[in-house]
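Colleague: In UniProt numbering, the protein residues as written are 1 to 231.
Below you will find the structure I want to go over with you.
Below, the structure is given as C-alpha cells:
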C-alpha cells in the first residue's frame, strides 16, 4: 500500500500529511556572549538535538506543484517529481500508440462485434461441412398382377372404363442447403465495403430500423443453426 499526496491547500489536510510523514531530529546550536566579573567577554556555545516534523504544514502548503509525496507501507517517505503522462516523452509514445474507439465501446457495438465473429465462425463451419446431399434411390421394382400381368400405367384406363387409381408423387431424393435471403454476414459485409472507416458503434447507428429488425431476426436464425452444428 502506498499513499500519494500533492501540495495540500487546507490546514487540516496539511496537518494530517505532516503527522503521517513523522518526525526527525535537528541539531540546534546556540551561541551567546557574556561578560565576567572582570569585564571580559566570554563566548558560550551549546549544541543539542531537537525533534521537529519532517515537513511542517506550512512547508507542505508551499510544496512545488511538480512534486509529489509518496508514503509506502513500512518504508521511509519519498518526495518525487510528478510527471504529466501526455507531456512525458516515454508515456507520450505509449498514448500515441493506443488506438481504438473512444470513449469506451458501447454495449450495442460490442453485441454487433460478437455477432460478426459468430457469423464468420458459422460461415467457416458451413463451408467446411459443405452442402448436405443424399444419393437418389434406385427405381423400385413394381410387382406384377395376378397371372403375371403388369400393373396399369397412370395413363392407361382399365377395361371397365373407370379412372385409374391416383399415384402418390415420389418424394425428392436430394436435399440441398440453399439461402433464401440475405444473411447477417452479407449485410455486414456490404456495409463494410460501402463505408470501411466506420466503427462498430457507427455501423450500428447507420442501420435503418427495418435493417436492425432484419439483423436481429437473422441473428436468431444463425444462433439456432450454430447450436444445431454442435457449437
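Backbone N, C-alpha and C fix where the C-beta goes; we use that ideal spot for every residue, glycine too.
#1: Does DSSP put residue 68 in a helix, a strand or coil?
#2: What would DSSP say about residue 195, mapped onto helix, strand or coil?
#3: To test your reading of the DSSP string, which unbroken alpha helix (DSSP H) runs of 4 or more residues are found completely within the segment 27-67?
#4: Give me the DSSP bridge partner(s) of residue 118.
#5: Identify the continuous beta strand (DSSP E) that holds residue 81 and give its terminal residues.
#6: Answer yes if the segment 19-30 comes into contact with the segment 42-59, meaning at least three C-beta pairs across the two stretches below 8 Å, and no otherwise.
#7: Which whole-angstrom value is the C-beta distance of residue 54 and residue 21, which I expect to be below 8 Å?
#8: Give me whichever residues DSSP pairs with residue 4 in a beta bridge.
#9: What first and last residue would you give for the alpha helix (DSSP H) that runs through residue 15?
#10: Which whole-angstrom value is the C-beta distance of residue 57 and residue 15, which I expect to be below 8 Å?
#11: Measure from the alpha carbon of residue 73 to the alpha carbon of each residue in 110, 79, 3, 122, then state which is nearest.
#12: Per DSSP, which one or two residues make a beta bridge with residue 24?
#13: Quick one, are the C-beta atoms of residue 8 and residue 62 less than 8 Å apart?
#14: Would you call the CB atoms of residue 215 and residue 122 closer than 8 Å?
#15: Looking at C-alpha atoms only, which residue of 83, 75, 77 is the closest neighbour of residue 67?
Modeller: Inspection of the coordinates gives the following:
#1: Collapsing the DSSP output to three states places residue 68 in a strand.
#2: Of the three classes helix, strand and coil, the one that applies to residue 195 here is coil, per DSSP.
#3: Runs found: 57-61.
#4: Within the DSSP bridge table, the entry for residue 118 names no partner.
#5: Annotation: the continuous beta strand (DSSP E) that includes residue 81 extends over 78-81.
#6: The segment 42-59 vs the segment 19-30: in contact.
#7: Right, the Cβ-Cβ distance comes to about 4 Å (below 8 Å), so this counts as a contact.
#8: The partner list for residue 4 (beta bridge, DSSP) reads 70.
#9: Membership of residue 15 in the alpha helix (DSSP H) is indicated by the continuous run 11-21.
#10: Contact between residue 57 and residue 15 holds: CB atoms are separated by about 5 Å, below the 8 Å threshold.
#11: Distances from the alpha-carbon of residue 73 to those of 110, 79, 3, 122 put 3 closest.
#12: Per DSSP, the beta-bridge partners of residue 24 are 52.
#13: Not a contact, by the Cβ cut-off of 8 Å.
#14: Against a cut-off of 8 Å, the Cβ pair of residue 122 and residue 215 comes out as no contact.
#15: Here the closest residue by C-alpha is 83.
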